[in-house]
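The letter at position 130 of the sequence shown is residue 129 when you use numbering that gives the first Met the number 0, and the numbering goes up by one with no holes.
Note that beta-carbon positions come from the ideal geometry of N, C-alpha and C, so glycine has one too.
These numbers were taken from a predicted model, which means no experiment stands behind them.
To start, the structure under review is shown below, and the notes come after it.
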Amino acid sequence: MNSDFQPTEIQQELVTLATNVDLIRRFRYQDADHARMASELVPAVEAVTLELVDVLDRIHRHYNSSDDEPDLMSNAGMVADISSMSRQEVVTRLGKLKGEVQGAKPLDTIGLSMGLLGTLRRTSVVVENQLADTAEIRRRLRSQRELDLLLEIRSAGFELALVLGQEEPPSSELRSRLQPTQDVLGGLIDRDLYWELPDDARVTASDLHARVRMWSGGGDGYDSVSGRHLWRALRAYVDRLRRINERHELLEYDRSIVRMAHSTIFGPSARGEQIPTSMFKQLRNIAGRDPVIDRLLATDEHSSANWREPLMRLRESL
């Protein structure tokens, strides 16, 4: 092993790299010149990728420099193996990116670049965590679990559904329904979560955001016909986001929350006619699963009597 190798210094490089990736991914690209941004983004992503490759090379050389065959089950063997495999993956992804962006539209180039940046961040987290464990130092990077991402996507759909309403509004209410969706969609686009969405879902969100901005700014004189078309398109997008409820991780998660809630609110140890604040907070995590429950959450309904039927129905359906 290399005696000049300092795990804390390598760790700091990984933390800095992850921070820089976050800064790039949070840039409000929708307000930028897409062609210019695309032309600048690919070289920037390549530079960050090569920085990570250099770090991975140094980690691998240090933990794989023994004359003996490395023990892949040891901490040192694992960090050497992870750094080697990660290097191969990011180099392959970079080559694929450079090939795919040839002749691609600016928005497609931005999406592909942001996707690779997400890979670089996840790789930095995995390697940093393994390095910290091997060197017996504190981990400094945290990975966002798959469940967290799924919950965020569903939450975004819930927020959008809340401002749109379930029923198509009359012409007199179109502005009050549509204008708030600009902030909701803008918030979705500004979050790292946006780049974890499937390509077509990102394109749709960006297109809808642009249409809402134009309509809300009076671009077509607040035309009620185009406004109704836009409302329906937004509702269709909400329904699309709701399909994430079919994921096994969310089914298991929601099942556990509903069972716990039913036991807490209606079980033998239940007290009073109001849902405890701590339990209501837990129930907010299933927002977006059921329209009736969504309305109860939106109105901050704590009366247990109003929750009995929806919870029972949902418990039986999960």
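For Q273, the three-state secondary structure derived from DSSP is strand. Within the DSSP bridge table, the entry for S302 names Q273 as partners. Within its own chain, the residues whose Cβ lies closer than 6 angstroms to the Cβ of T108, once the five positions on either side in sequence are excluded, are A37, V100, listed in chain order. Look at the beta carbons and you see the stretch 291–310 not touching the stretch 241–250: under three pairs across the two are nearer than 8 angstroms. The criterion of a C-beta distance shorter than 9 angstroms is satisfied by L40 and S112. Membership of A131 in the alpha helix (DSSP H) is indicated by the continuous run 105–134. Counting along the chain, D80 sits inside the alpha helix (DSSP H) bounded by residues 74–99. A contact between stretches requires three or more CB pairs, one per stretch, nearer than 8 angstroms, and the stretch 172–188 fails this requirement with the stretch 112–131. If the five residues before and after G226 are omitted, its C-beta is found closer than 7 angstroms to the C-beta atoms of L173, L177, W214, all from its own chain and listed in chain order. D21 sits in a helix when the DSSP states are folded into three classes.
In the structure shown, F265 falls within a helical segment according to DSSP collapsed to helix, strand and coil.
DSSP places W194 in no alpha helix (DSSP H); its state is neither H nor E. In this chain, the alpha helix (DSSP H) harbouring Y62 covers 33–62.
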